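Chains A and B, in that order, give the protein sequences. Mapping to the UniProt record's numbering: the first sequence position 327 is 327, numbers consecutive. Mapping to the UniProt record's numbering: the second sequence position 176 is 176, numbers consecutive.
2 protein chains.
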Amino acid sequence: MITIKEVAHHAGVSMSTVSYVLSGKRSISEETKRRVEQSIVALGYHPNAGARALASNRSRVVGLVVPLHSDQNLPIIMRFVSSIVARARDHDYDVLLLTKEAGPGEAHRVIARSMADAIVVMDVESADPRVPELRAVDAPVVLLGVPDDHEGLSCLDLDFTAAGRQLAGHLADRGHRSIALIGSPPPVYERGTSFAARLLAGFQGETAKRGVLTSVHSCAAGYDAVSGCLDDVLHPDRGTTGLVVHNEAVLGPLLLELRRRSLDVPGDLSVITLCPDDVAATLPVPLTSIAVPAEELGAIAVEMVMARLGRELAPEVRLLQPLLTDRGSTAVR
Amino acid sequence: MITIKEVAHHAGVSMSTVSYVLSGKRSISEETKRRVEQSIVALGYHPNAGARALASNRSRVVGLVVPLHSDQNLPIIMRFVSSIVARARDHDYDVLLLTKEAGPGEAHRVIARSMADAIVVMDVESADPRVPELRAVDAPVVLLGVPDDHEGLSCLDLDFTAAGRQLAGHLADRGHRSIALIGSPPPVYERGTSFAARLLAGFQGETAKRGVLTSVHSCAAGYDAVSGCLDDVLHPDRGTTGLVVHNEAVLGPLLLELRRRSLDVPGDLSVITLCPDDVAATLPVPLTSIAVPAEELGAIAVEMVMARLGRELAPEVRLLQPLLTDRGSTAVR
DNA sequence: AACCACGTTCGAAGCGCTTCGATTCAATTC
DNA sequence: GAATTGAATCGAAGCGCTTCGAACGTGGTT
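In structure tokens, the structure reads:
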């Protein structure tokens, strides 16, 4: 193993000089810097992370708590993870993988052992049992998702309430007087997944304000569940003309089933959804949708963490405003 | 921060004694052990990972290279990751997340910096460009997937050749004389994903031996692609009576489309596949299938890594034998 | 009684790095 | 020309842990 000592010797300088070349924390002459950098390359030097962490009290690692067992929206989770890893690497940070299933003690463990400098927690729920323990973690913590009791914690999410309003408003603007919301399966609501409840609240607030009739349907994945749900949604008594879908897994089957029933989108039924842009765009019928900006959320999460690594910073809740893309799947009544 | 020194003082012993209590590398009297353990709990001591790594030259971390951008079989990838993290934690190891996309240099970097003691690489392809660099990594490396040139590397995978044989054989045994294989989309083959090619080889070997007619179809995801593919598969000239599907993403649409065409499984068409057991079991029609034993593969990968951490061990290629579960989706002709 | 062996424990030397004065030397200032 | 500054560099003290050799009883051998 090549150590900083050998680099120093090779370059004819002291260890501290090499260290300062590497960190840039003190000014070093161009000439010396060049020589040191050459030696580093020549010897193939890589600083030892443990020694560095020990001496500097910084691990340059963030712990990421991921819900690996979640079967729901895996693609979105992956996008988050991917974006967080990439942005962390931009800051020369690595990512330690912690699983939600392994329990909240994991976050505390890696911080207490100085394995990580900060924690990012994905998939935070309304009444998330991990919240108290996370609050006690002695390091910056950023939650993706906003728990009910988020005092003292930094959270980040899409503004689902605004999204619910916007989806409802978009249809109401186009003259729809009876709109159905197809949401996640019952377990998601029971689990208190905050985003589902918040979107619903926004949706109902807006429709109430506009005097639009609504029906709300919790729909499981699977073709039969979707078909059954559609029977309910399209019951003639309702007069449903617009559909808000907040459940990525049913989009494909839903559109298929509509086609099977010879219902045209948007001719017979307007459909609007919330899902990643590329999903919305590659469905059998491209759907007007609000994007889930996973990459952006991941990037902001990392920014929030990095900002809190240096100085003490007040906790904040950041809600990204939803962005709706019109793909022509809604018609004017 | 509580250090080992404070624990030692609190327990009235030396630092080294505390260390030996923790590591168990020397015998310690029950009495002392008890006192030390009490002090550890009382003070809330957590060993500093950096110091530990520096002194012991062991990080207790494995680097895991994950294809985060892969859109194919995300659920399987997650299962692997999940199982690897869990099994690594069983050994008191943590997992550092490296992305395939960030390039092969990442594995070398984390090893050279002593951030990890070993590397596990997922989603290895036939002519994987990362292989040469992985071979040069100065630490145990285990590949999930078998590249063509795997000399000197330890690899682990399902025996896809045997799986192909077994799937074909299962249908041939039941009297099918014309079998179609629906595989992954063309890009997967072009990329040289070894498992696709190996399954195909096994399939063709077996069918040739049995004198069974075959047709091979590369099918993209999406309902229209599936429908088009079925038109081809079911062309009357072929007389296809059995279907081997090696493409998890098309299973749902395929079964739907068969239903739409009023074709009964297995009455009109026998279908058999290779996918995770729970996927096969929860489809509209449960399918006889060979399981992708993700949990088991992950566990074995971790075992292989751990075995190689202590002593020098020869590289080996381990191929798990496929296990077929009959769910009644194939009929006798 | 001197010896050895063994189980337990201690002390101290690092592991490779960062960082804080201290030092040197040349350029500026009065 | 002495004093002051500031840039560039060095030396050494840790960071918190593991681990090796030594030391210390205690009990059994000879």
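Quick reminder that beta carbons are idealized off the backbone N, C-alpha and C, glycines included. Values in this document were obtained by computation on a predicted structure and should not be read as measured data.
Fill in: Contact with chain A by B/Gly-50, beta-carbon distance below 8 angstroms
Contact of B/Gly-50 with chain A is assigned, a C-beta pair being separated by under 8 angstroms.
Worksheet item: Hey, how far is the Cα of B/Arg-210 from the Cα of B/Asp-159?
Response: Computed Cα separation, rounded: 20 angstroms.
Practice prompt. Just the C-alpha distance for A/Asp-277 and B/Val-18, rounded to the nearest angstrom, thanks.
Written response: 55 angstroms
Worksheet item: Span of the alpha helix (DSSP H) holding B/Ile-4?
Response: 4-11
Worksheet item: Short check: CB of B/Leu-153 to CB of B/Arg-130, under 8 angstroms?
Response: no
Fill in: Sequence-distant residues of its chain with Cβ nearer than 8 angstroms to A/Ala-294 (five each side left out)
Closer than 8 angstroms at Cβ, skipping near neighbours: Ile-76, Arg-79, Phe-80, Ser-83 and Pro-276.
Worksheet entry | For B/Val-244, the first and last residue of its enclosing alpha helix (DSSP H) | Per DSSP, B/Val-244 belongs to no alpha helix (DSSP H); it is in the beta strand (DSSP E), 242-245.
Worksheet entry | Alpha carbon of B/Arg-261 to alpha carbon of A/Tyr-189, nearest angstrom | 36 angstroms
Worksheet item: What span of residues does the alpha helix (DSSP H) with B/Thr-193 cover, start to end?
Response: Counting along the chain, B/Thr-193 falls outside any alpha helix (DSSP H), and DSSP gives it neither H nor E.
Discussion item. Three or more C-beta pairs under 8 angstroms: does that hold for the stretch 105-117 of chain B against the stretch 310-326 of chain B?
Written reply: no
Discussion item. Taking contact to mean 3 or more Cβ pairs, one atom from each stretch, closer than 8 angstroms, check whether the stretch 4-12 of chain B and the stretch 167-177 of chain A are in contact.
Written reply: The way I'd put it, the stretch 4-12 of chain B doesn't touch the stretch 167-177 of chain A; fewer than three beta-carbon pairs between them come closer than 8 angstroms.
Worksheet item: Which whole-angstrom value is the C-beta distance of B/Ala-107 and B/Val-65, which I expect to be below 8 angstroms?
Response: 6 angstroms
Fill in: Rounded straight-line distance, which links the Cα of A/Thr-282 to that of A/Val-120
31 angstroms
Worksheet item: Which residues of chain B have a Cβ atom closer than 9 angstroms to the Cβ of A/Tyr-223, listed in chain order?
Response: When 9 angstroms is used as the limit between beta carbons, A/Tyr-223 is near these residues of chain B: Gly-252, Leu-255, Leu-256, Arg-259 and Pro-284, in chain order.
Item to complete: Please report the residue range of the alpha helix (DSSP H) in which A/Thr-330 lies.
Response: Looking at the DSSP string, A/Thr-330 is not in any alpha helix (DSSP H), and its letter there is neither H nor E.
Worksheet item: Can a CB atom of chain A be found closer than 8 angstroms to the CB of B/Ser-15?
Response: Checking the sequence, you will find Met at residue 15 of chain B rather than Ser. Judged by the 8 angstroms Cβ criterion, B/Met-15 is not in contact with chain A.
Fill in: Of the residues B/Val-85, B/Asp-123 and B/Ser-289, the one placed nearest A/Leu-98, counting alpha carbons only
B/Val-85
Worksheet item: Hey, would you say A/Glu-257 sits closer than 8 angstroms to A/Ser-227, going by beta carbons?
Response: yes
Worksheet item: Could you give the residue range of the alpha helix (DSSP H) that holds A/Ser-82?
Response: Counting along the chain, A/Ser-82 sits inside the alpha helix (DSSP H) bounded by residues 74-90.
Discussion item. For a contact defined as C-beta to C-beta under 9 angstroms, what are the partners of B/His-91 on chain A?
Written reply: Simply none; closest approach about 14 angstroms.
Practice prompt. Could you pull out every residue in the same chain whose Cβ sits closer than 8 angstroms to the Cβ of A/Pro-67, ignoring the five residues on either side in sequence?
Written response: Ile-77, Thr-99, Lys-100, Glu-101, Met-122 and Asp-123
Fill in: A/Met-304, buried or exposed, once every other Cβ within 10 Å from all chains shown has been counted against 16
buried
Worksheet entry | One or two residues paired with B/Asp-123 in a DSSP bridge | Answer is none; B/Asp-123 lacks a bridge partner.
Item to complete: At 7 angstroms on the CB atoms, spell out the chain A contacts of B/Pro-47, in chain order.
Response: Arg-113
Practice prompt. Using only alpha-carbon positions, find the residue among B/Ala-331, B/Leu-156 and B/Glu-37 that is nearest to B/Gly-267.
Written response: B/Ala-331
Worksheet item: Which residue or residues does DSSP assign as beta-bridge partners of B/Cys-155?
Response: B/Leu-143 and B/Val-317
Discussion item. Assess contact between the stretch 89-96 of chain A and the stretch 45-64 of chain A, defined as three or more Cβ pairs (one per stretch) separated by less than 8 angstroms. Is contact present?
Written reply: yes
Practice prompt. Could you have a look at A/Val-188 and say whether DSSP puts it in helix, strand or coil?
Written response: helix
Worksheet item: Apart from the five residues on each side of it in sequence, which residues of its chain come closer than 6 angstroms, Cβ to Cβ, to B/Ala-11?
Response: Excluding positions up to five away in sequence, the list reads Arg-35, Val-36 and Ser-39.
Fill in: Local conformation of A/Leu-183 per DSSP, three classes
Going by the sequence as given, residue 183 of chain A is Gly instead of Leu. Three-state DSSP puts A/Gly-183 in a strand.
Fill in: Among A/Pro-140, A/Gly-103 and A/Ala-118, the one whose alpha carbon lies nearest that of A/Leu-313
Closest option to A/Leu-313, judged by alpha-carbon separation, among A/Pro-140, A/Gly-103 and A/Ala-118: A/Pro-140.
Worksheet item: Which class does A/His-235 belong to by DSSP, given the choice of helix, strand or coil?
Response: coil
Discussion item. Is A/Thr-3 close to chain B? Criterion is C-beta to C-beta, closer than 8 angstroms.
Written reply: no
Fill in: Boundaries of the alpha helix (DSSP H) in which A/Ser-289 is found, first to last residue
Counting along the chain, A/Ser-289 falls outside any alpha helix (DSSP H), though it belongs to the beta strand (DSSP E) covering 288-290.
Practice prompt. Would you tell me roughly how many angstroms separate the C-alpha atoms of B/Asp-90 and B/Ala-291, rounded to the nearest one?
Written response: Computed Cα separation, rounded: 25 angstroms.
Worksheet item: Can A/Ile-77 be considered in contact with the ligand GDP, in the sense that its beta carbon sits closer than 7 angstroms to one or more heavy atoms?
Response: With respect to the ligand GDP, the structure shown offers nothing to examine, as it has no ligands at all.
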